[in-house]
Amino acid sequence: MAAADHRQHVLKLNVGCGLDAVPGWENLDNSWSLVVSSHGLLRVGFDILERVTRRRLYTRFPAGVRRHDVTKGLPYPSESVAVIYSSHMLEHLPRRDVERFLREAYRVLVPGGVLRLALPDLERKARAYLGFIEQVRQGCHTARVPADEFVRSTLLGLEESWSLRNPISLVRFLLARERHCWMWDAPSLMILLRQIGFSEVRETGFRESWIDEVHLLDLESRRDESFYIEARK
Ligand SMILES: C[S@@+](CC[C@H](N)C(=O)[O-])C[C@H]1O[C@@H](n2cnc3c(N)ncnc32)[C@H](O)[C@@H]1O
């Protein structure tokens with residue numbers, strides 16, 4: 002981080018921060034829940050709807066999270082950002098937007114700036130699936146269905162659709178955002194980062210980083226399911 006840290010004006014971005022906003026950082030998220038959380042009337046309406054339906058319909062975001070959709074680019078000048086962190090956000094973007102986002106990250110980073118990404122690991126899930134299916138082939142009796150478990154674990158499948166006849170299912174579909182668009186493994190993402198032009202790209206461990214504040218960023222709850230990649234401009 003030495004190359005970026007001495008510049009006092011440079012920013013630090015936590016992109017797709019969810020509820021884990023970090024003090025002193027620009028925390029960005031595009032959740033619909035942010036709109037609800039920040040508009041008094043809407044919030045009252047949703048609170049009533051939640052009481053009536055006895056269901057949680059939106060997430061209470063902490064103050065200080067800026068609503069921004071990163072598929073629209075990053076609203077910062079070129080070479081103005083020292084560090085970009087993003088945990089479990091990339092898999093929610095369509096494939097084309099992932100590339101666009103990474104190019105934007107490259108543009109706004111100062112030379113020597115660092116991008117750190119944490120993502121759920123497609124490779125680990127695929128290996129677990131292949132291991133399990135092999136056990137079943139060899140006669141292991143189980144009521145568990147390997148394909149179901151694999152597809153569910155990727156969050157790429159659709160278990161049931163929303164329906165206009167069930168408005169609650171529609172609201173939940175729009176607000177929940179838990180489904181994934183694309184999944185990644187470390188080697189695949191590293192190829193893409195190199196193609197974009199990052200000079201140094203590496204796979205690292207939990208809280209093992211070029212970024213001093215990594216202990217504020219990597220979430221313990223994500224540790225076992227994630228791979229971590231760092232790329233230096
Ligand atoms: C699974 S949560 C991860 C939250 C937190 N970073 C973590 O690791 O637990 C994904 C977050 O990314 C946000 N997100 C998804 N697409 C986004 C986009 N296009 N622009 C900004 N944020 C986005 C979602 O609103 C959600 O809060």
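All you need for the numbering used here is the position in the sequence shown, starting with 1, plus 1. Don't be surprised by glycine CBs; every beta carbon is placed ideally from N, CA and C.
Query: Over the uninterrupted beta strand (DSSP E) stretch that includes A232, give me the two end residues.; Result: S227 to R233
Query: So, for Y59: in the same chain, excluding its five sequence neighbours on each side, which residues have a beta-carbon less than 6 Å away from its beta-carbon?; Result: S34, V37, F47 and L176
Query: Can you tell me whether L130 is helix, strand or coil according to DSSP?; Result: In the sequence on display, residue 130 carries Tyr and not Leu. It is helical.
Query: Evaluate L131 with the Cβ neighbour count: other Cβ atoms within 10 Å of its Cβ, from every protein chain shown; 16 or more gives buried, anything less gives exposed.; Result: exposed
Query: Quick check on DSSP: helix, strand or coil for V111?; Result: strand
Query: Rounded to whole angstroms, what is the Cα-Cα separation between N31 and A129?; Result: 32 Å
Query: Count Cβ pairs between the region 185–195 and the region 208–225 that sit closer than 8 Å; are there 3 or more?; Result: no
Query: At what residues does the alpha helix (DSSP H) containing T205 begin and finish?; Result: Counting along the chain, T205 falls outside any alpha helix (DSSP H), though it belongs to the beta strand (DSSP E) covering E201 to T205.
Query: For L103, which of V16, S162, P63 and H181 has the nearest alpha-carbon?; Result: V16
Query: Pick out the complete alpha helix (DSSP H) segments inside the region 33–103, 4 residues or longer, and give them in chain order.; Result: 33–39 and 41–54
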